[in-house]
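Residue numbers (the numbering used here), protein chains in the order written: chain A, 1 to 107; chain B, 108 to 214.
Even glycine gets a Cβ: it sits at the ideal position worked out from N, Cα and C.
Note that this is a predicted model, so its numbers are computed, not measured.
Read through the structure below, which is laid out as structure tokens, and then see the notes.
There are 2 protein chains.
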Amino acid sequence: MSQFANTPEPPYYAVIFTSIKSHEDNGYEKMSKEILEILKNQEGFLGFEFAREEIGITVSYWKDLDSIKKWKNNPLHKQAQKLGKNLWYERYKIRIAKVEKEYEFIK
Amino acid sequence: MSQFANTPEPPYYAVIFTSIKSHEDNGYEKMSKEILEILKNQEGFLGFEFAREEIGITVSYWKDLDSIKKWKNNPLHKQAQKLGKNLWYERYKIRIAKVEKEYEFIK
Chain A
1 MSQFANTPEP PYYAVIFTSI KSHEDNGYEK MSKEILEILK NQEGFLGFEF
51 AREEIGITVS YWKDLDSIKK WKNNPLHKQA QKLGKNLWYE RYKIRIAKVE
101 KEYEFIK
Chain B
108 MSQFANTPEP PYYAVIFTSI KSHEDNGYEK MSKEILEILK NQEGFLGFEF
158 AREEIGITVS YWKDLDSIKK WKNNPLHKQA QKLGKNLWYE RYKIRIAKVE
208 KEYEFIK
């Protein structure tokens, strides 16, 4: 389940994670839930957005590069990164980007 | 159908378009195809990635801010923006971000 992230006024950072999953679950769903729980309390985490069809796109939003670096080195996240390469993903791409502007439309 | 965008070495720009669609099609599919065709030949366009579940996420990649501005003012795109507000979207958010780094993993 994913909705819009309520990000603050720019500038802030986005991590765009594009992935193609392997067909087997191999503990992915369980780990995703655990990761989400600790992510919520991570320093500098601003929110995330997610959707998957042929490819999965997860965009997480962060206060600054330092917060992204700390999250990269979080022990459970490091374990998930290892399992991701070994079991869950055929391919992925990570882009780190500085959000400069945002616009919103609500009907 | 969407796969990974083969973007060049950073820096370049990402436009993150997060949306919630209305239930009716109202010409959306037809316009999407037309827009994609002209988008491919747009100056400075580098590729795009798309997935939709509860929300839709389209990330398009661009050479620079000037290319994004030109695309924003393209006549067919302007028409689509208007129809988007009137017919297709309940809500959307656009974030313009400068990609500083990228990493790729391929099994």
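Where does the unbroken alpha helix (DSSP H) through residue 80 of chain A begin, and where does it stop? Bounds of the alpha helix (DSSP H) holding residue 80 of chain A are 75 to 83.
Rank B:177, B:200, B:172, B:114 by C-alpha distance to the C-alpha of residue 123 of chain B and give the top, closest one. Looking at the Cα atoms, B:200 is the closest of the given residues.
Could you tell me which chain A residues have their CB closer than 7 Å to the CB of residue 163 of chain B, listed as they occur along the chain? The contacting residues are 51.
Local conformation of residue 30 of chain A per DSSP, three classes: Three-state result, residue 30 of chain A: helix.
Could you tell me if residue 103 of chain A is buried or exposed, where buried requires 16 or more neighbouring beta carbons within 10 angstroms of its beta carbon? Residue 103 of chain A is exposed by the Cβ-count criterion.
Nearest neighbour of residue 117 of chain B, chosen from B:207, B:212, B:129 [CA to CA]: Per the Cα distances, B:207.
Span of the beta strand (DSSP E) holding residue 169 of chain B? For residue 169 of chain B, the enclosing beta strand (DSSP E) covers residues 163 to 169.
By the 10 Å Cβ neighbour count, where 16 or more other Cβ atoms means buried, how is residue 49 of chain A classified, buried or exposed? Per the 10 Å Cβ criterion, buried.
Environment of residue 134 of chain B [buried if 16+ CB atoms lie within 10 Å]: Per the 10 Å Cβ criterion, exposed.
Run through chain A and tell me which residues come within less than 7 Å of residue 79 of chain B, C-beta to C-beta. Nothing about residue 79 of chain B can be reported from this structure: the residues present for chain B run from 108 to 214 only.
Could you check whether the region 69 to 83 of chain A touches the region 167 to 185 of chain B, counting it as contact only if at least three pairs of C-beta atoms, one from each stretch, sit closer than 8 Å? With contact defined as three or more Cβ pairs closer than 8 Å, the region 69 to 83 of chain A and the region 167 to 185 of chain B are not in contact.
Once DSSP output is grouped into helix, strand and coil, what is the label at residue 53 of chain A? The three-state reading of DSSP puts residue 53 of chain A in coil, since its state is none of H, G, I, E or B.
Among B:152, B:158, B:162, B:160, whose alpha-carbon lies nearest the alpha-carbon of residue 168 of chain B? The shortest C-alpha separation from residue 168 of chain B is found at B:152.
Residue 54 of chain A versus residue 110 of chain B: straight-line alpha-carbon distance, rounded: If you take the alpha carbons of residue 54 of chain A and residue 110 of chain B, they lie about 7 Å apart.
Which residues in the same chain as residue 113 of chain B place their Cβ atom closer than 7 Å to its Cβ, once the five residues preceding and following it in sequence are excluded? Around residue 113 of chain B, the same chain offers 154 as residues with beta carbons nearer than 7 Å, after the five sequence neighbours per side are excluded.
If we call anything under 9 Å between Cβ atoms a contact, is residue 127 of chain B one with residue 198 of chain B? Result yes, Cβ atoms of residue 127 of chain B and residue 198 of chain B sit closer than 9 Å.
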